[in-house]
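Input: a single structure, listed below in structure tokens.
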């Protein structure tokens, strides 16, 4: 198949098709919201960056459904009368309503701006939703799922609670330092009561008909009379109180103090402090176990839950859970406590009687790395928290399978000679070797501590693993999958690049501010080159035989001579340069500067800055599309990909993707770009097709480029026709867009031409089997054709 492009005379139009792949059985984003369905004994969990909710069976402790919703699940609540679950879509200004029996979506209702919190009125069958950006509360009919009314409240109404004794709803207005009280029967404001600074949590004492309000910036708890709607007293608490829970057995209120690593226990009758209990760092949520009279406190910065005796107010034990436990919910049917762990994207289930962990359920994957398999047209995605590698069909964009890997899959590399994928398992110090055809694990190779980066040497069929904490590189035989040797590095080997022209591997050592050069044949260290502070990315310019090193803390790029291994120049760029890519068509290097929100364009010949392109909020990773001569830049804070024209260095378009895009790969066979969205646990697939409109030159019509045979084993013929004398360039690129060979670079007269290509690179060595691209340029005409080399 050929793609013709007339850059100078034609007008190019985009067709951008973005597909969004959610991981099967996983949550889109950090776990932070819970609801318990007592009718069906199910737990619902949503994520901050999520586009779905996971339902967990309360008896079997298994995921039973994945429900697609909108973006930003900040709160969930259950309607016990109609068995419905309500979900706030914070970033879409809506509430999704889910059938609690079938786990299917009933409808989605528009509400105010930035919905934050939900509360259920069991007396009148209504759901109340605070709209943080609209100073309002939306009232939803629990039977008809329609909006009854909208009630004006204070600014950034952060939380709600229902008082069943008097049928009232209390709304804490964070920036107005007050609480709005709403009549649950007629949905009108009764009064607004001043409390402390930044009220952020509420609890109802049903025994004495009181409502407790924690005040973040005042380090206090305000006690409100539920009958008179007046302040009874203000109780001092610890620093930055964040969560409240009511113990109905002993009539106590527990206040988690996030700034003081403690829980204040308040007497619900006397409204005085009974005691203060030390817990771990940053208490985030509290829940009461009514069966065993225990209070559970999730500690955000300590990855644990503290279990408190509700009678004695002493710590029973501390239970290890996932990273950054955000929310808790109690299952009173099975006597279990669930901890939603924000950072590790999982749910820990705790036995309420024994305080032991029953199981941990992964609800997110956090995709971290991508690589393309050119032989079978597949994309592999390493999932950091899922401890697996997902395989995607490059033609259909469907998930083929998920392959178990080690602990913390971090980096990937493809061996095109043997059709294998290598996955660096960061926490388990191993490399999982995957068969690229069968998508099964061949073996696991032990390497050094914290393998950070991988690169493939196709001339000698070796894989190099940079082991960050072992200060070493492990060299793996690509045929036998055994360790050839281990090379001692300087501190913190962080990034790798392969120079096929001189058969060298370059390793950026972030802890020692240098680059180690390794001989690809002998695996011996040739030299170490001083560069800038914290080198973190590398790129190879094959046209000028140079290696570029981005120095993260030095706002510079060091240019290294690929033959002499000496520094040619140091180029100032933006703050925190973190990624590099090479444009082989125009001989340019692109450097993303995360903290400057820009991409620096460097002339590959002159080693000078051509221009600086403003890019979103946090440009992080780059990839070059050699077919369309474009650079794709993932902006991880802006949740988008910006497409840069490789000729004009201007931004063509901005494409929304998932949250925190952190890895990117290009599929040249379908001309698709894959973006791994870390916090969304998803992959965005971008299809970029360029069509030709307007006039075309005669050379476009009569060049008639043909390749035969294709696929080929030993030699293929490239045939073309010239209608006039012109400069002709025929170059071969691999699927990564890297230059490998020049077939023709000369001025040719009008006539018919036939050129043989033997499948070798410029170093006169046979290239690995796989897909390659022949790019023909004749001044005003550029075309690209796919060639498949077989062995």
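Numbering (the UniProt record's numbering), first residue to last: 1 to 791. No residue lacks a Cβ here, since even glycine has one placed at the ideal position from N, Cα and C.
- Distance from the CA atom of residue 548 to the CA atom of residue 535, rounded to whole angstroms, is 10 Å.
- With a cutoff of 8 Å on beta-carbon distance, residue 316 and residue 336 are scored as not near each other.
- When the beta-carbon positions are compared, residue 476 and residue 487 stay at least 8 Å from each other.
- Secondary structure note for residue 326: its beta strand (DSSP E) is the uninterrupted segment 325-331.
- Under the three-state reduction of DSSP output, residue 596 falls in the helix class.
- Counting only the Cα atoms, residue 345 lies some 32 Å from residue 551.
- In terms of Cα proximity to residue 661, the closest of 654, 680, 361 is 680.
- Put simply, the segment 423-441 does not touch the segment 774-791. Fewer than three CB pairs are less than 8 Å apart.
- Membership of residue 770 in the beta strand (DSSP E) is indicated by the continuous run 770-777.
- Each residue's CA atom was taken as its position, placing residue 545 and residue 685 some 33 Å apart.
- Secondary structure remark: continuous alpha helix (DSSP H) runs of at least 4 residues inside the segment 413-463: none found.
- Inclusion of residue 137 and residue 182 in the CB contact set at 8 Å is warranted, their separation being smaller than that value.
- Contact check between the segment 442-460 and the segment 385-394: fewer than three CB pairs, one atom from each, fall below 8 Å, which does not count as touching.
- Of the candidates 570, 341, 510, 472, 472 places its Cα closest to the Cα of residue 525.
- Nearest to residue 527 by C-alpha distance, out of 537, 482, 543, 509, is 509.
- When secondary structure is reduced to three states using DSSP, residue 39 falls in the coil class, being assigned neither helix nor strand.
- Inter-segment contact for the segment 613-630 and the segment 729-743 is present: three or more beta-carbon pairs are separated by less than 8 Å.
- CA-to-CA, the gap between residue 505 and residue 537 works out to about 13 Å.
- For the set 501, 587, 616, the Cα lying nearest the Cα of residue 602 is the one of 587.
- Following the DSSP letters along the chain, one finds residue 581 inside the beta strand (DSSP E) bounded by residues 577-583.
- The C-alpha of residue 412 lies about 34 Å from the C-alpha of residue 299.
- Rounded to whole angstroms, the separation of the alpha carbons of residue 607 and residue 772 is 28 Å.
- Of the candidates 636, 715, 647, 706, 636 places its Cα closest to the Cα of residue 676.
- For residue 258, same chain residues with a beta-carbon under 6 Å away, outside a window of 5 residues either side, are 240, 242, 282, 283 in chain order.
- Judged by their CB atoms, residue 231 and residue 190 are not nearer to each other than the 8 Å cut-off.
- When secondary structure is reduced to three states using DSSP, residue 752 falls in the strand class.
- Between residue 583 and residue 619, the gap from beta carbon to beta carbon reaches 8 Å or more.
- If you look at residue 89, you'll find it in the beta strand (DSSP E) that goes 84-89.
- If you draw a straight line from the Cα of residue 33 to the Cα of residue 67, it is about 14 Å long.
- 8 Å or more divides the Cβ of residue 353 from the Cβ of residue 322.
- Linking residue 769 to residue 318 through their CA atoms gives a straight-line distance of about 56 Å.
- Within the segment 626-712, the alpha helix (DSSP H) runs of at least 4 residues that lie entirely inside it are, in chain order, 698-702.
- If you draw a straight line from the Cα of residue 289 to the Cα of residue 333, it is about 11 Å long.
- In this structure, DSSP gives residue 74 an extended state, which the three-state scheme calls strand.
- Taking the CA atoms as reference points, residue 673 sits about 31 Å from residue 516.
- Less than 8 Å divides the Cβ of residue 762 from the Cβ of residue 742.
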